[in-house]
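Q: Line by line, the protein sequences give chains U, G, C and H.
The first sequence begins at 0 in numbering that gives the first Met the number 0 and counts up by one.
The second sequence begins at 0 in numbering that gives the first Met the number 0 and counts up by one.
The third sequence begins at 0 in numbering that gives the first Met the number 0 and counts up by one.
The fourth sequence begins at 0 in numbering that gives the first Met the number 0 and counts up by one.
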Amino acid sequence: MQQTPTRTDRDPDRARDADRTAAPERPGEPILSVRGLKTHFATDEGVVRAVDGVDFDLHPGEVLGIVGESGCGKSITMKSVMRLVQHPGRIVAGEIRYRRPAGDGKKAIDVDLATLRPQGRAIRRIRGGDIALIPQEPMASFSPLHSIGDQIVEAILLHQRVGRREAKRIAIEKLAEVGMPNPQQRFDAYSWQLSGGLRQRAVIALALSCNPSVLVADEPTTAIDVTTQAQVLELLKDLQRDHGSSIVFITHDLGVIAQLADHVVVMYLGRVMEQGPVRDIFHAPQHPYTRALLQSVPSLHAEPRVALPTVSGSIPHPLHRPTGCPFHPRCPDAMPGRCDVAMPAMASVDGRPPVACFLHHDQAEEDAA
Amino acid sequence: MAAKTDATSQVYVAPAWKMTWWRFRKHKLAVFCLWLIGLIALISISPQFFATTDPYATSARRAYIPTQFIRVVHDGQLTMPFVYGVVGERNQRTLRMEWVIDDEVRYPVRFFVRGFEYRFLGLIPTDRHLIGFAGAPPGETPALLGTDRLGRDQWSRLMYGTQISMSIGLVAVALSTLLGIILGGISGYFGGLTDNIIQRIIELLQALPPIPVWLALSAALPRTWPVTLVYFAITIILALLGWTRLAREVRGRFLSLREEDFVTAARLVGASRVRIIFSHMVPSFTSHIIAAVTLAIPLMILNETFLSFLGLGLRPPAISWGVMLQEAQNLQSVVNAPWLLLPGAFVIIAVLALNILGDGLRDAADPYAN
Amino acid sequence: MSETAPGSAPAERTDHRGDGDDRVPGGPPLLQVRNLKKHFPITGGFFQRVVGQVRAVDDVSFDVHEGEILSLVGESGCGKTTTARCVLRALDPTAGEVLFRRADGETVDVAKLRESELRPLWREMQMIFQDPFGSLNPRKNLLEIIGEPLYVQGVTSRQARMDRVAELLNLVGLRPEYMHRFPHAFSGGQRQRVVIARALALEPRLVVADEAVSALDVSVQAQILNLLLDLQRRLNLSYLFVAHDLSIVKHISHRVAVMYVGKIAELAPTDDLFRRPKHPYTSALMKAVPVADPDHRAALQGLPGEVANPADPPSGCYFHPRCPFAEERCRTETPQLRELAPGHHVSCHRAEELDLDGIGDLESGGDGAERPFGRAPAAPASADAAPPAEGPS
Amino acid sequence: MHWFILKRLMVVPLLLFIFSIIAFVLIQAPPGDYLTSYIAELAQGGTTITQDQIDSLRRQYGLDQPVYVQYFLWVGNLLQGDLGYSFEWRRSNAELIGERLLLTLALTTLSLIFTWVVAIPIGIISATRQYSVIDYVFTVLNYIGLATPNFLLALVLMWIAFDSFGLSVTGLFSPEFQQAPWSWARFADMMGKIWLPMIVLGTAGTAQIARVVRANLLDELGKPYTEMARAKGLPEWKLVLKYPTRVAIAPVVSTLGWYFPQLLSGGLVVAVVMSLPTIGPLLLRALVGQDMYLAGTIILIYCILTVVGTLVSDVLLALLDPRIRMDGA
């Protein structure tokens, strides 16, 4: 790897944001750290590199927001962590280290999830018990033929040494905890008998039923209305505060990220473009893509009917990935001969959050194949 | 790189049929079946060309000759294709003729030989046939698939039977398709009371047990009718109960297409109803209909085979696969002459090929699915 | 007539109003919707009898003026899309009037016309759909798709159609040589440009945009919004803009109608509505929008309960079960949409007495330094200066 | 639930009424009537019959009445349990049909069970191991099963049994039990023979239903609730059986509506080939011999069985799927 001086002169925003402090210390050892994760899908047309070298850490009690547009690989990243990627998808490289101290009557765990068999006993213990999923479509996430209570009890029986009666008690307790009215009766309800908001609460109750240390929320509010979304976000905030669990929140909505996340990972075409504390990402974005994303969303506070700053073009087809930095064809600051040739490495400059962009440093990734 | 962009821009300007074809082409087995069906269709068009001898000619002396395979090895030596002669000996105890291969007599296989006269495609008089056997005495043409009870050549009968069985399937399906598209289209496009009535009729017809009703209808055909009339009557009977599935399919497509935004868009720019139906809706489901039709043909073929096998469909002297299989109706004849079951193998191959082809077409029917 | 290249028109019509103009265009209304209702029957029981009605649109009235962008905003099931489709007669309304002032000055009731009478009218009003995948026939290339309105409205010469399609593609920012490509060659954003080109082919005066940017990625959404605004100015179009995203509505519209369960809750000039909402629902909606600023976290507030069922709406004000200000009158009496201040219509019994939060109150410092990167602070209030727009009577 | 079944039951009398008309039309369709052929037959047998006798027979069967009166006479008799009399067999139809109906039902039900027991696991295995060798093998077998007419399969199996094992596997009973009254020994004898027709009859359906199960299950396996069950940490086989399979099988139960009549119909042809004492060969013989009341009655029985099959499938579906069960509740 080549080490050259950083190019501060190229960054016009540097001076203005100089007073912005470096990333605040994140609490403790990361509970989850992902390094060099690559998940590829071998399709008939070619290999789709859905996740192509992703690094991030999740610390205890933290909300980590993963933000990006469609096809950026944010969902696949977390599915890879939970080992839920199905054929023809496969983790081809990387490490997913999950560390959890003993507590709650559970033993300490320190394991590389990427090495486990995807259907094996080891990952199944962690899945649902330690890392739980709040899925995107609450409507479709319950089987229509089984009551929601049955489906929650099933999870409890899988991960806790309790009887059926006790499991039912826990399930009703969890339903009450997420604000489900009449949890006793709702226990026997089917998902299609509930409204969108209640269904989302039921899904959260299911995810919480085994007191997981990591919650993966995969766009949990895209399918629901804004007033209900606000309820659900409030609920998640409360739960996070009360239980101190870590949450990975996947979304394309910058507003939701700003409201909820402590730390943000910005993804584009299977790569992390930039990551850092939420205030740095929103107030001093370094990567042109992050900047473009933030500027292109109309705000309630901005002047109406002015032209919004935009990025040209659209997200490339996953099979036609550009060479070099995946964002370079749309990047206003792209440097010909540099950005279209090599993929910039994720590097931190002057103690600021790490960014993968040649505007900020000259470190390229070695295997830019 | 340039080649790649060329290929992509080709895809960008590819019309629907091309996209469908590209998708279909990926299904290798279906493509093979398409060729197979093409061959069967060729036989159906001109069975005389493929026949080796007159399929109606009976010869009591030549009854139950086993299959005479085309061979390429003689005395352990590779040679040009030929067929051994057979000699019949009457078993003194059972008094049955038993045919044994006479490896002294060899009839070399020849192509495009002269034989009985016929009109190619019913128009051009000719006497050319695809295969023939050099040196075979007249009336003693080797029977590639053996002969039946009356000494008729099964191979030639099979070729003729292909024409009738395939065409019955095709005509019956064409009739059902017509009925299905008209009634399903009316049902799906207009909806309301018309739809309700047509749907109830379809449900009623689908609730009928098909074979008993077919049997009863066929039994009602007068025995005195000539073969061609029976042929058409059977076709109509088969079509009468067969259109419901297609009608449902067409109706379903119409209903879902009616809700599509691009159809609304066409209406909102002022396109007439006729234009919307024929320029937007029909092209969107023709490939589905073609697939459905392809899948319906084998069902009709099987049904004809059933009826004829039971003696209620086509009757001799007409030749169809079902009529031929009638010869193998009981265990006794099968045990004595297993080759009588060979037309069954032909039925299976044809139905198999049509089913696989239909499935391939169905999978390729919507090239924009992903 | 369409044979004359109408592409020259935009230049002449270009309106050089400054960016961010807050004035609400006045003049006589182009579209007047009066007491529009659309009910969908629910069938059930033994004989599929009609057992109920879903009141998707329940007595809605509003105007759209020439050159104006009016937004219909609300949560799913509020009837905004149904309203828009009824205006264009993509759906037949159950009752009410849709009065459209044609180019020749004559006003017609779109709700009552027969299909044959609608066809010439559709030259003047067009639609942009939500789903850029479903709204383009995958079996037709761009020439056929964009050329179809031209063809069915009488441009029979293929060359003339090709010229006009090339022009339209240019207008929406696509390369004219793309006209032989099929929709599958394009991304969502490009397809939406094609949809816009088709809608503009006949030079309509009113464009109904039904969630035109909702299905797009954030970075593409901004491109399409810019295009829509640019076209509106250049061609002096009027938009009936249906959306659920308040930020987009705030960004694009002159006036906004907030809908709740088939009724208009509030209708006012955009700035007025967002700064001083008079309906508790409007205020609640605004408070529920997550602000893209990590320094404004306390603001997010959910609304208790669920959206009412339009097949079985509550008594009185449909919003009362979720309203923090509901009193006895709200449970029994249905509020009427009334003009509270010039141009500001609201249907709430307690509108006068309530002091509701708008977006101005959500800002704490408002010094601009805390704004997200690169964003200008909100424009100063100028609603009072705006000429009062005519509302429904 | 009750509402749902009641709704279905309400339609049954109407259906039966329409079917009885269809059956009657079918038996009236051939030129002449059964009496004519009966008389012709009698004459052939050397028995002469006077015009008076003919007229009295005509009156007896109402043949001198208008068609609709004949219809009501027939239906009226059927409703009173009088299935008529077969000229050809010189026995009452009820007597002829009785045991054969029982055997038909036994064979059909057994084939149905065979089909499900074989097809559903095959469908599940194919779907969960999509594109594996075993999936391809099953797919090929399915295609062949679909393409083989079951009479042909019956012939081939009979031939193999005879050729290789010297077994004659026709009929449902050994000669000594043919006419015997029901006993355990006779039942055991039947069970020893019924398996072959059962396999023959069930094969095509097995192929069809395995395809349906596979396709449905593949759809369901991609659904979020399957992933959610996986995310809970359920073992794969357990979650597949508990969630998507149950959803995928519901439509299979509803196929009973068309599969049951198909089995009945298919049974007819198999029965002819294998000389099974079911109602199928009886119908064929009645049709060929223009024994029309017998034929009409049997066709009507086929129709009734079909309706009952559909009804049973509806009830099963309601039991499996709470969405249907609670419809209209």
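A virtual CB, placed ideally from N, CA and C, is assigned to each residue, including glycine.
Predicted, not measured: the structure shown is a model, and the values here were computed from it.
(1) Compare the beta carbon distance of residue 216 of chain H and residue 218 of chain G with 7 Å and say whether it is the shorter of the two.
(2) Between residue 174 of chain G and residue 300 of chain G, what straight-line distance do the alpha-carbon atoms span, to the nearest angstrom?
(3) According to a CB-to-CB cut-off of less than 7 Å, which residues of the stretch 339-352 of chain G neighbour chain H?
(4) Given residue 342 of chain G, which residues of its chain have a CB within under 7 Å of its CB, disregarding the five upstream and five downstream residues?
(5) Using DSSP with H/G/I as helix, E/B as strand and the rest coil, what is residue 176 of chain U?
(6) Is the shortest distance between the beta-carbon of residue 122 of chain H and the beta-carbons of chain U less than 7 Å?
(7) Answer with yes or no whether the minimum CB distance from residue 287 of chain G to chain C is below 7 Å.
(8) Do the stretch 43-50 of chain U and the stretch 182-197 of chain U make contact, defined as three or more Cβ pairs closer than 8 Å?
(9) Does the beta-carbon of residue 377 of chain C have 16 or more other beta-carbons within 10 angstroms, so that it is buried, or is it exposed?
(10) Check whether chain U comes within 7 Å of residue 235 of chain H, counting only Cβ atoms and requiring the distance to be less than that.
(11) Let me see if you follow: with CB-CB separation under 7 Å, is residue 267 of chain G close to chain C or not?
(12) Inspect the beta-carbon positions of residue 65 of chain G and residue 338 of chain G and report whether they are closer than 7 Å.
(13) By alpha-carbon positions, which one of G:184, G:141 and G:109 ends up nearest to residue 250 of chain G?
(14) Would residue 108 of chain G count as contacting chain C if we go by Cβ distances under 7 Å?
(15) Starting from residue 259 of chain C, follow its DSSP beta bridges and name the residues at the other end.
(16) If you pair each beta-carbon of the stretch 249-268 of chain H with each one of the stretch 185-197 of chain G, do three or more pairs fall below 8 Å?
(17) What are the boundary residues of the alpha helix (DSSP H) that residue 150 of chain C is part of?
(18) List, in order along the chain, the chain H residues whose C-beta lies closer than 8 Å to that of residue 158 of chain U?
(19) Given that a residue counts as buried once 16 or more other Cβ atoms are within 10 Å of its Cβ, and exposed if not, what is residue 27 of chain C?
(20) According to DSSP, is residue 197 of chain C helix, strand or coil?
(21) Could you tell me whether the Cβ of residue 364 of chain G comes closer than 7 Å to any Cβ of chain C?
(22) Report yes if the C-beta distance between residue 316 of chain C and residue 334 of chain C is below 7 Å; otherwise report no.
(23) By Cβ distance, which residues of its chain are closer than 6 Å to residue 173 of chain C, with the 5 residues on each side in sequence left out?
(24) Could you name the residues of the same chain whose beta carbon sits closer than 7 Å to that of residue 51 of chain C, not counting the 5 residues immediately before and after it, in chain order?
(25) Does the Cβ-Cβ distance between residue 324 of chain C and residue 276 of chain C come in under 7 Å?
(26) Rounded to whole angstroms, what's the CA-CA distance from residue 354 of chain G to residue 124 of chain G? Just pull it up for me.
(27) What is the residue span of the beta strand (DSSP E) that residue 242 of chain U lies within?
(28) Output yes if chain U places a C-beta closer than 7 Å to the C-beta of residue 74 of chain C; else output no.
(29) With distance defined between alpha-carbon atoms, name the residue in U:69, U:42 and U:61 nearest to residue 265 of chain U.
(30) Can you pull out the residues from the stretch 196-220 of chain U whose beta carbon lies closer than 7 Å to at least one beta carbon of chain H?
(31) On the DSSP letters alone, give me the boundaries of the alpha helix (DSSP H) that residue 339 of chain H sits inside.
(32) Which residues in chain G sit within 8 Å of residue 287 of chain H, going by Cβ to Cβ distance?
(33) Using only alpha-carbon positions, find the residue among G:276, G:61, G:98 and G:105 that is nearest to residue 82 of chain G.
(34) Who are the near neighbours of residue 67 of chain G in its chain, counting only those whose CB is closer than 7 Å to its CB and skipping five residues on each side?
(35) Determine the direct distance from the alpha carbon of residue 291 of chain H to that of residue 26 of chain H, and round the result to whole angstroms.
A: Looking at the coordinates:
(1) Taking the fourth sequence and counting its residues from 1, the one referred to as residue 216 of chain H is at position 217. Taking the second sequence and counting its residues from 1, the one referred to as residue 218 of chain G is at position 219. No, Cβ-Cβ distance for residue 216 of chain H and residue 218 of chain G is not below 7 Å.
(2) Here the question's residue 174 of chain G lines up with position 175 in the second sequence. Here the question's residue 300 of chain G lines up with position 301 in the second sequence. Residue 174 of chain G and residue 300 of chain G: Cα-Cα distance of roughly 14 Å.
(3) Per Cβ criterion, the list reads 340, 343, 346, 347, 350 and 351.
(4) One-based indexing of the second sequence puts residue 342 of chain G at position 343. Once the five neighbours on either side are set aside, the close Cβ partners of residue 342 of chain G are 157, 160, 320, 323 and 324.
(5) Translated into the one-based positions of the first sequence, residue 176 of chain U becomes position 177. Reduced to three states, the DSSP call for residue 176 of chain U is helix.
(6) The sequence position of residue 122 of chain H within the fourth sequence is 123, counting from 1. Taking Cβ atoms only, chain U never reaches closer than 7 Å to residue 122 of chain H, which makes this a no.
(7) Position 288 of the second sequence, counted from the start, is the residue given in the question as residue 287 of chain G. Residue 287 of chain G does not count as touching chain C.
(8) These segments do not touch.
(9) Counting from 1 along the third sequence, the entry for residue 377 of chain C is found at position 378. With a pLDDT of only 37 at residue 377 of chain C, under the threshold of 50, the placement of this residue in the model should not be trusted; the figure read from the coordinates follows. Around the Cβ of residue 377 of chain C, a 10 Å sphere holds 16 or more other Cβ atoms; the residue is buried.
(10) As a working note, residue 235 of chain H is residue 236 in the fourth sequence. Yes, its Cβ sits closer than 7 Å to a Cβ of chain U.
(11) Your numbering for residue 267 of chain G matches position 268 in the second sequence. Output row for residue 267 of chain G: interface = yes.
(12) On the second sequence, position 66 is the one that residue 65 of chain G refers to. On the second sequence, position 339 is the one that residue 338 of chain G refers to. The answer is yes: Cβ separation under 7 Å.
(13) Locating residue 250 of chain G in the second sequence gives position 251, counting from the first residue. Ranking G:184, G:141 and G:109 by Cα distance to residue 250 of chain G puts G:184 first.
(14) Taking the second sequence and counting its residues from 1, one reaches residue 108 of chain G at position 109. Not an interface residue.
(15) One-based indexing of the third sequence puts residue 259 of chain C at position 260. C:262, per the DSSP bridge assignment.
(16) Short answer: they don't touch.
(17) Within the third sequence, numbered from 1, the residue matching residue 150 of chain C stands at position 151. 141-151 is the span of the alpha helix (DSSP H), which, as asked, contains residue 150 of chain C.
(18) As a position in the first sequence, residue 158 of chain U is number 159, starting the count at 1. Per Cβ cutoff of 8 Å: 232.
(19) Numbered from its first residue, the third sequence carries residue 27 of chain C at position 28. Around the Cβ of residue 27 of chain C, a 10 Å sphere holds fewer than 16 other Cβ atoms; the residue is exposed.
(20) In the third sequence, residue 197 of chain C corresponds to position 198, counting from 1. The answer is helix: DSSP assigns residue 197 of chain C an H, G or I state.
(21) The residue you call residue 364 of chain G lines up with position 365 of the second sequence. Under the Cβ criterion of 7 Å, residue 364 of chain G is not counted among the residues facing chain C.
(22) What you label residue 316 of chain C is simply residue 317 of the third sequence in a count that begins at 1. What you label residue 334 of chain C is simply residue 335 of the third sequence in a count that begins at 1. Residue 316 of chain C is a Cβ neighbour of residue 334 of chain C, given a cutoff of 7 Å.
(23) By one-based count along the third sequence, residue 173 of chain C stands at place 174. Only 192 meet the Cβ criterion.
(24) For the purposes of this step, residue 51 of chain C is taken as residue 52 along the third sequence, with counting starting at 1. Answer for residue 51 of chain C: 41 and 310, listed in chain order.
(25) As a first step, residue 324 of chain C is located in the third sequence; it is residue number 325 there, counting from the start. As a first step, residue 276 of chain C is located in the third sequence; it is residue number 277 there, counting from the start. With respect to the 7 Å criterion, residue 324 of chain C and residue 276 of chain C are not classified as neighbours on the basis of their beta carbons.
(26) Sequence index remark: in the second sequence, residue 354 of chain G carries index 355 (1-based). Sequence index remark: in the second sequence, residue 124 of chain G carries index 125 (1-based). A direct Cα-Cα distance of roughly 36 Å separates residue 354 of chain G from residue 124 of chain G.
(27) Counted from its first residue, the first sequence places residue 242 of chain U at position 243. From DSSP, residue 242 of chain U is part of no beta strand (DSSP E) but of the alpha helix (DSSP H) over 225-242.
(28) As a working note, residue 74 of chain C is residue 75 in the third sequence. For residue 74 of chain C, the answer is yes, since a Cβ of chain U falls inside 7 Å of its Cβ.
(29) Working through the first sequence from its first residue, we reach residue 265 of chain U at position 266. Taking only the C-alpha atoms, the option nearest residue 265 of chain U is U:69.
(30) Answer set for the stretch 196-220 of chain U: empty.
(31) Chain H is shown from 0 up to 328; residue 339 of chain H falls before or after that span and cannot be answered.
(32) Counted from its first residue, the fourth sequence places residue 287 of chain H at position 288. 218, 310 and 311, listed in chain order.
(33) Working through the second sequence from its first residue, we reach residue 82 of chain G at position 83. Here the closest residue by C-alpha is G:105.
(34) To locate residue 67 of chain G, count along the second sequence from 1; it is residue 68. Same-chain partners within the cutoff: 82, 83, 85, 141, 142 and 143.
(35) Reading the fourth sequence from its first residue, position 27 is the one you call residue 26 of chain H. Reading the fourth sequence from its first residue, position 292 is the one you call residue 291 of chain H. Whole-angstrom Cα-Cα distance: 5 Å.
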